[in-house]
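Those sequence lines, one after another, are chains A, B, C and D. Sequential numbering of the first sequence, starting at 215, is according to this note's numbering. Sequential numbering of the second sequence, starting at 215, is according to this note's numbering. Sequential numbering of the third sequence, starting at -9, is according to this note's numbering. Sequential numbering of the fourth sequence, starting at -9, is according to this note's numbering. Virtual Cβ for every residue (Gly too), placed ideally from N, Cα, C.
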Amino acid sequence: MADDLKTPLLDELEQGPWPSFVKDIKSMAGKKEMAKDLLRQLEKSYEDKRGYWKHGGLVGVMGYGGGVIGRYSALPEEFPGVSHFHTMRINQTSGWFYTSEALREITKIWEEHGSGLLNVHGSTGDLVLLGTRTEELEPTFRALTEKGWDLGGSGSDLRTPSCCVGPARCENACFDTLAVNYNLTHQYQDELHRPMFNYKYKIKISGCPNDCTAAIARSDMGIIGIWKDDIQVDSKAMADYVDSGMDVQGLVVENCPTGCIQLDGKEIRIDNSNCVKCMHCINVLPKALSPGKERGAAITLGAKAPIVEGALFGSVIIPFMKIEEPFEEVHDLIERIWEFWDEHGTSRERIGEFIERVSLAAFLEGIGEKPLPQMIKAPRDNPYVFYEEYFAEEGEGE
Amino acid sequence: MADDLKTPLLDELEQGPWPSFVKDIKSMAGKKEMAKDLLRQLEKSYEDKRGYWKHGGLVGVMGYGGGVIGRYSALPEEFPGVSHFHTMRINQTSGWFYTSEALREITKIWEEHGSGLLNVHGSTGDLVLLGTRTEELEPTFRALTEKGWDLGGSGSDLRTPSCCVGPARCENACFDTLAVNYNLTHQYQDELHRPMFNYKYKIKISGCPNDCTAAIARSDMGIIGIWKDDIQVDSKAMADYVDSGMDVQGLVVENCPTGCIQLDGKEIRIDNSNCVKCMHCINVLPKALSPGKERGAAITLGAKAPIVEGALFGSVIIPFMKIEEPFEEVHDLIERIWEFWDEHGTSRERIGEFIERVSLAAFLEGIGEKPLPQMIKAPRDNPYVFYEEYFAEEGEGE
Amino acid sequence: MATEVERKTDIGPPHYDQFLHPLIKENYGKWQYHETLAPGVLMHHGPAGDIYTVRVSSPRLVSVNFLNAIMDLADKYSDGYFRFTSRNNVEFLLASKDNIEPLKQEVEALGLLVGGTNNAISNVVHTQGWVHCHSAATDASGLVKSVMDELAEYFTSMKLPAKLRVAVACCLNMCGAVHASDIAILGVHRTPPKIDNETLPNLCEIPTTVASCPNNAIRPTSIEGKATVKVDEEKCMYCGNCYTVCPAMPLADPLNDGVSIWVGGKICNARTEPMFTKLAIPYLPNNPPRWPEVTSAVKKIVEIYAANAKPYERVGEWINRIGWPQFFDMAGIEFTKYHLDDFRHAGTTYRRSLHNRY
Amino acid sequence: MATEVERKTDIGPPHYDQFLHPLIKENYGKWQYHETLAPGVLMHHGPAGDIYTVRVSSPRLVSVNFLNAIMDLADKYSDGYFRFTSRNNVEFLLASKDNIEPLKQEVEALGLLVGGTNNAISNVVHTQGWVHCHSAATDASGLVKSVMDELAEYFTSMKLPAKLRVAVACCLNMCGAVHASDIAILGVHRTPPKIDNETLPNLCEIPTTVASCPNNAIRPTSIEGKATVKVDEEKCMYCGNCYTVCPAMPLADPLNDGVSIWVGGKICNARTEPMFTKLAIPYLPNNPPRWPEVTSAVKKIVEIYAANAKPYERVGEWINRIGWPQFFDMAGIEFTKYHLDDFRHAGTTYRRSLHNRY
Ligand code: SRM
Ligand code: SRM
Ligand code: SRM
Ligand code: SRM
Ligand code: SF4
Ligand code: SF4
Ligand code: SF4
Ligand code: SF4
Ligand code: SF4
Ligand code: SF4
Ligand code: SF4
Ligand code: SF4
């Protein structure tokens, strides 16, 4: 390590059991001025208790509007290594599966063209290449596409959809999360690369209501697995659980949110008409219980962080939809949603805020869906109904 | 009945098991033109499916601003008997207790001065004298006050407070509802009779969380009985319930909202730290259980019907207060509330809407109360905190 | 004559003390428990002895004749003492158990019902309607009479799973308990106010009128040189707030006024927290004198509730358990866009989880 | 050189198929159940055989060296196959059970931890902080490192009542999971933007800047003839939305920027519906490199939760059971006016019932 790298505050973060990002940055500091100056600037931030980055500038690769976050040091004289420190967002694979063969190609490219630092992964799901110069953006992009990798989104565009491990390693998956994730990412390349929306649009895909991608909280559109029929029961495995001495009554029956489970000796009885598909019993008794056979997904819209009208969870727009190749029903829905949002939404208005502004009823009408009681917690409690059908003097009703 | 009283539609409402208001009005129609024309105009409303009353006018008794609702027929030529049809609101007694001796005085006065029709009682709780002429208002008032009765409120004033039967006939009463009701009605005669508020102010008083006066839903200020310590248990009576074969487990234990009851043979065990004072167990087992010994009331503010920002339930402003003669603590609180509302509220803004507009924090500060976690369901979930203490450059914090 | 005596003001109501039965005074604050002896008959036990309550229906809109008859019975059976409940029933307070039966008989002879206690439908909290109010979209007393004629058996028995509170209001002002009742019947206007441009300039202050509208639907305008207002019909939600401040903007519209049905509200804290009533049926026609569409809709809801709820489950608690989709199914009510909230906090009513029933 | 080959665009990510272990392909969509063999070690059972997952911590901000080391291990133990989780852990996918132990040893030798499964604290979803973002009120990576050094034992064991998800975000934009985590750590600005009146006119569109403020705190003004904006400090809630659209309005303020702590959010639908995280501690100082006030506050909350919650009770479910008053008591956190909501739907957070704990 070079002598001029004095980072006593950061050095303290090399101690302790949790893996240290400081160690990792330092491991690049010998090879890369960028990494070294990143540490030096960060040390100054730790001293002064403030960041030293300028507000991002518009940089990118030819023909793309998103995928790169421009970043410049506010103190380029002091820290020339990070005078440019742009981020490139790369589409991760479905379910974040890699082989060493494939990922080594990326590490090689990034060591050559950038800081050698990454976020694996970014909060939206992208493989984030952290820190390079403007003039390296296009060469890095070419090297990446050459190996079959492409940029993710940023700005007012579709972001790289992400999905849970689903059918690749989970017994709960109610549809093929990886396939639909791959399909949508490819189907909407243009929307992903060229910001034309009112604001960002994130898609997250979870195979069941455990929602391991946090779709209900962090995606403008969630595709979340669900079933319509009865929970499947393996009585033999169920009896084994009881025999094992497990407190099925306390741990399962009493935790069912609708109290629709009864334990009768070694037998479990579920009033499926009252089961709200919360997954708890299936989670605790994975060998005995599994989701029903009539599987599909609920589509939720509108989750987002609090800026600016307060955080929103996604709300159910399609209570149940089959999710099957070639996913045309999903495309059709997405396109109806985008079209209506595009026409009536305003700039920097996320889909969730848009629906609240125009009202759920108007939104459903706009995208051509029928209102269903599954879309709400409860009907309105205020009497301010905008009646549209009424009787006119001449007797012609409308 | 006079020949000209043809009310075929209304006549149908004389049939059936439920007591008939039509019969009652008819019983006055022989003696009173007012009652007869009321029926005739009402019959026309039933035919035409619309009301025939004009928008109320300002009428009243000398020196009072409220207590009378002016009402004129829109068809005075057709129905001269109800060309004037004003309502007088009379303070009911605490708990709506009467003797025939006292009430007969009112029926006599009303038969003389008005239509002889009443609402017993109005939704706010007043004894409502339904229908008289402008020139009868003052004489009626004099006759009533002579017998010890006074007018209630209307318009932007205090309305007659009302209270549940409480200690007069209920084992659940946590304080003396009748006494405080009487006290407040007398203490605030001026506020009741001379509208000076931003809008109406209703007080309802229930002796326990069963809330038999609907204070939480229908009163700007609710005084609702509560206790702080442990539910009192009579073990003998408890054992009797169990012995009687009652399904205590199913009916009581499983209905406790916090699951804090355990039935152990004939013994009941309550985790009182988790009891939310819902009353259910006490209601089902009145002989065995009763509210604790440290009794008082929670004060709620802001309940109202939906006009115009949507209906509100009252919200807890004082989680616990002793309610004891001479009720000075209650007066003090009420006056702090009125003062702040008076100064900062706007016209036609109920106290509940006012609190929402200025925020609970500002309201508490305004009336000089400390924030407590019992006042909310949960702390804020948005990050938009208006920090007030901060550090300034020169090191002087604020 | 009356003018000769000194004018009294601000005397307030008489002290309640004088209206309490002596036995009640002795037991005041010391009651130990109660029992429901029969529908409409309660026994409260206190150290000084038991008091018996007989609860009797009232149409609430009554004549002095009705009250006089009640008072005659009170003199005869309850030492002249009686009260009214917060839901407008009459309660006779008897010191002697033996008086219960004869009193019941005389009450019934008057055409009144004994009941309303415990797991019953009690009296209907309601409002003025066409009998007295200028705002009314329907008649309250007539609706109550029509509905309770159908439901009387639930007043005189205690066969419901829990208490069932019905309320009626004749316009959106909801004078009464509509916003928090098990079942509520609400008169609705469904067309914007009809502006009387002749009288408006004299009767109403234009700025106050414009400001009265919660949805900014009212604009100042002028017609033939006279200042008046106009209403943006797209924005009007027929709330009637403008009419309250400006008499020249009536909403009454015989063709379109009608009745909506609401369910699932509750007030007491037992088990669950208080709940608002939710929209069940957005519109039924005004069909006096018997409102058959309304009575049969209400009856249907009561019956499926009675047949399906568990003990102590109020209507709202029952619906929460089975879910709204199933409620609409069972009640045979069509789910429409009108059920979807679009007011201030509409977003809080959206289903923001995967918890759902199919 | 790179410029000579044909430029490719819009090719999207490679197909996932090639990244799936052969055993995974065979069991794809046919998994039957799973077992947690040890902290960080899962076995998933399918008809074609079992696959073993070893989950390993990652600081997320990593170098190519880190990834190369991971890949070396993958080549050695999992046929070159591995994945990352939605919370940024590494998962090795092993066909052979025998590889588990040797892999664990090599992982630990690298200074990484095996764990994060089941009733554990898993990796911390977090953001850029002072490492990359212009908005940051604190550093994310440093906070994560400091907090997880204290909580590592909960990553490598499964002794908590349920899963416990921690998130960190460095400003109110909350890039990550702060608004729905069991415990969240949020960087906050606490003073209004400092306007650079020199550069603002060139850098920002005044109308867009004015419109960006959710609370209408920004007004156009002019200083020495130059158009710029001013901020009504009473109305500013430090959200930073203006700064996002206008670089001349930075919020950074070393004296006052700091950290707030939030609790009780959850995402999955198990048992209860998803819940937002709620404010626990409005402000703790920025105290790098170790943020001792923050780490000890978080640790305290984890410990009282661990000691008091029932099995499967997430933090929010536990607090809902015991009530917020008791949570504040137990955690020794002062309840202040800042905890009272005053934003859009504040009224929905008021306690509108008598259900309460004293
Ligand atoms: C890199 C990343 C954080 C990370 O460390 O992982 C990130 C970084 C930024 N986010 Fe984000 N967001 C990132 C995921 C999120 C998420 C989480 C998610 O997608 O699941 C959220 C919350 C969910 C949501 O979308 O609401 C999120 C909510 C925001 C917001 C608030 C948006 C809102 O409507 O509330 C902003 C502000 C904005 O859009 O103006 C924002 C803005 C930003 C900007 C572009 C700063 C700005 O104001 O322009 C940050 C650039 C930082 C930098 O210099 O690198 N970021 N941002 C994440 C993207 C990586 C990736 O592509 O995988
Ligand atoms: C007589 C009574 C109905 C009844 O049949 O019992 C009544 C009758 C009227 N109410 Fe009411 N309200 C009556 C209890 C209520 C209640 C119930 C209560 O007090 O428990 C409410 C709901 C609770 C509340 O206060 O919010 C109620 C909420 C309203 C509202 C809506 C207020 C709001 O803020 O949402 C209005 C409209 C207004 O104030 O402008 C209103 C207005 C009116 C007016 C004065 C009409 C008007 O627009 O000016 C009605 C006069 C009718 C008439 O011609 O007699 N009345 N009003 C009740 C008073 C009798 C009494 O003194 O005992
Ligand atoms: C007389 C009256 C108070 C008064 O001052 O007038 C009263 C009296 C009693 N109430 Fe009540 N309640 C009275 C209105 C109410 C109201 C207000 C209302 O309906 O507008 C409520 C709230 C209703 C709601 O939640 O919507 C009310 C909710 C209760 C409850 C809770 C019921 C539940 O949902 O579990 C109880 C507990 C019980 O019944 O065991 C209760 C219990 C009682 C007891 C048993 C209290 C006692 O120990 O004496 C009394 C006899 C109850 C009965 O009717 O079976 N009282 N009670 C009111 C009679 C009204 C009527 O004529 O029917
Ligand atoms: C690998 C991963 C999916 C992926 O595609 O990457 C995953 C995998 C599994 N999840 Fe998950 N979950 C994963 C993120 C999540 C998330 C998202 C998040 O944390 O941001 C959630 C929502 C968390 C929340 O509610 O805040 C999540 C909530 C669950 C739950 C519900 C837990 C509960 O509160 O009851 C289960 C059920 C269980 O654990 O029994 C579950 C169950 C599982 C199972 C048991 C599913 C299965 O049968 O294979 C997997 C192993 C769980 C374990 O770690 O013990 N998974 N799981 C994610 C691992 C993240 C990590 O590194 O720790
Ligand atoms: S969301 Fe469901 S299907 Fe997907 S990994 Fe989690 S538990 Fe499995
Ligand atoms: S999935 Fe949830 S709601 Fe359904 S039976 Fe199981 S625990 Fe109950
Ligand atoms: S509110 Fe409580 S004290 Fe009052 S009558 Fe009802 S049950 Fe009794
Ligand atoms: S009062 Fe309610 S919360 Fe308290 S123990 Fe009884 S049933 Fe449970
Ligand atoms: S509800 Fe409306 S119409 Fe009925 S009395 Fe009240 S204000 Fe009048
Ligand atoms: S009825 Fe209501 S919404 Fe319509 S114009 Fe009048 S005040 Fe506005
Ligand atoms: S949370 Fe704020 S500071 Fe942190 S990365 Fe996101 S935008 Fe930047
Ligand atoms: S920080 Fe937010 S509230 Fe403050 S001026 Fe900027 S946009 Fe407005």
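Contact check, residue i vs residue j, beta carbons under 8 Å
i              : j              : result
residue 471(A) : residue 279(A) : no
residue 317(D) : residue 594(B) : no
residue 288(C) : residue 295(C) : no
residue 552(B) : residue 568(B) : no
residue 264(A) : residue 197(D) : no
residue 348(A) : residue 298(A) : yes
residue 326(C) : residue 272(C) : yes
residue 381(A) : residue 365(A) : no
residue 353(D) : residue 284(D) : The question about residue 353(D) has no answer, for chain D in this structure spans -9 to 348.
Residue i to residue j span [Cα, whole Å]
i              : j              : result
residue 491(B) : residue 205(C) : 40 Å
residue 510(B) : residue 19(C)  : 14 Å
residue 251(B) : residue 267(B) : 13 Å
residue 118(D) : residue 335(A) : 12 Å
residue 459(B) : residue 489(A) : 31 Å
residue 252(D) : residue 324(C) : 42 Å
residue 126(D) : residue 46(D)  : 28 Å
residue 586(A) : residue 573(A) : 15 Å
residue -8(C)  : residue 356(B) : Confidence is the limiting factor: at residue -8(C) the pLDDT is only 46, short of 50, which leaves the residue's position unreliable, though a coordinate-based value still follows. Taking the straight line from one Cα to the other gives about 7 Å.
residue 269(D) : residue 378(A) : 29 Å
residue 296(A) : residue 339(C) : 48 Å
residue 220(B) : residue 254(B) : 7 Å
Element boundaries [alpha helix (DSSP H), containing residue i]
i              : result
residue 95(C)  : 90 to 99
residue 314(C) : 314 to 321
residue 571(B) : 565 to 572
Residue i Cβ short of 7 Å to ligand 9 heavy atom set
i              : result
residue 320(C) : no
Residue i beta carbon near ligand 11 (any heavy atom closer than 7 Å)
i              : result
residue 123(D) : yes
Cβ-heavy atom distance, residue i to ligand 7, below 7 Å
i              : result
residue 113(D) : no
Residue range of the beta strand (DSSP E) that includes residue i
i              : result
residue 325(C) : Run containing residue 325(C): none; DSSP gives neither H nor E here.
residue 52(C)  : 51 to 53
Heavy atom of ligand 12 within 7 Å of residue i beta-carbon
i              : result
residue 173(D) : no
Exercise. Looking at C-beta atoms only, is the number of pairs between the segment 149 to 161 of chain D and the segment 290 to 308 of chain A that lie closer than 8 Å three or more?
Worked result: no
For this session: Give a yes or no on contact between the segment 395 to 411 of chain B and the segment 18 to 37 of chain C, applying the rule of three or more CB pairs nearer than 8 Å.
Result: no
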